[in-house]
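In my numbering, the protein residues as written are 1 to 221.
Backbone N, C-alpha and C define an ideal beta-carbon position, used for all residues, glycine too.
A quick note: this is a predicted structure, and the numbers were derived from the prediction, not measured.
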C-alpha cells in the first residue's frame with residue numbers, strides 16, 4: 001500500500017518507505033543522467049539536513065542545464081542514512097531539497113525526479129533498519145523506480161557519483177557507464193580501487209575531478 005504525505009508536489013513515499021518525487025516527467029524513451037546528491041551536486045556536509053548549508057558544487061548547474069536543453073531526464077538518487085539513524089526526518093530532507101531546487105532554478109537548471117532511500121543496516125529507527133534494502137545503493141532499486149516512472153532507456157544512461165556504491169548501482173541497473181568524481185568522498189582511501197573494480201566490458205567507468213567534466217560524457221555528444 002502506498003503512503004502519501006502532505007509534502008512537496010509530485011512526492012510519494014512508497015510502500016517500502018522510499019522517497020519518489022516526479023518533478024517533470026519530460027519526454028519518454030530517452031537515456032537519463034543519474035546523479036548522486038551529496039558530494040556531487042552539493043558540497044559534502046555530514047548528514048546534510050539544514051537547508052542553509054546546501055551549496056552547489058561548481059559546474060553542477062551547468063551540466064544539469066545542458067541535460068535539460070537536450071531533453072535528457074536528470075534524476076537525483078541519494079542514500080539518506082541519517083533518517084534511519086534518527087538524525088533528521090523527511091520534513092528536514094524536504095526542506096533541504098527545496099533549497100537545492102531553488103539554487104538550481106537560479107542557474108536555469110531543474111531536476112526531473114528525485115529518489116531517496118532512508119534505510120540502513122545500523123538504523124536506530126526500526127522502520128528503516130534494513131540490512132540490505134534493494135533501494136539502497138549499490139543496489140539498483142532507486143534507478144529501477146526511475147526507469148519505470150520515466151520510461152528511461154537504461155543501456156544508454158549514465159550515473160555520476162563520488163562513491164563506488166553510486167557507480168556500482170549504475171552497473172547493476174544496466175547503465176552504459178559511470179563517472180566517478182573526486183569531490184565529496186571521491187578521494188577517500190580505497191574509493192578509486194573500488195570504483196575501478198566496477199568496470200566491465202559492457203559498463204564503462206570514467207574518472208573526473210568534479211561533475212563539471214560530466215559535459216564530456218557520451219550523453220552530450
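With residue i and residue j assumed to form a contact (beta carbons below 8 Å), what rounded beta-carbon distance in angstroms separates them?
i          : j          : result
residue 41 : residue 55 : The pair is not a contact, with the Cβ atoms about 10 Å apart (cut-off 8 Å).
Please classify residue i: does DSSP put it in a helix, a strand, or coil?
i           : result
residue 124 : coil
residue 195 : helix
residue 200 : strand
residue 85  : coil
residue 245 : Only positions 1 to 221 of the chain appear in this structure, which leaves residue 245 out of reach.
residue 102 : helix
residue 223 : It is not possible to answer for residue 223, since the shown part of the chain is limited to 1 through 221.
residue 5   : Note that residue 5 scores 44 on pLDDT, short of 50, meaning its location in the model is unreliable; the coordinates nonetheless yield the value given after this. In the structure shown, residue 5 sits in coil (DSSP, three-state: anything other than H, G, I, E or B).
Here's the rule I'm using: 16 or more other beta-carbon atoms within 10 Å means buried, otherwise exposed. How should residue i be labelled?
i           : result
residue 52  : exposed
residue 165 : buried
residue 70  : exposed
residue 121 : exposed
residue 124 : exposed
residue 106 : exposed
residue 196 : exposed
residue 102 : exposed
residue 201 : exposed
Return the residue from the list the options that minimises the CA-CA distance to residue i.
i           : options           : result
residue 118 : 107, 94, 110, 100 : 94
residue 173 : 144, 186, 12      : 144
Under 8 Å, do residue i and residue j count as touching if we go by C-beta distance?
i          : j          : result
residue 30 : residue 72 : yes
residue 32 : residue 75 : yes
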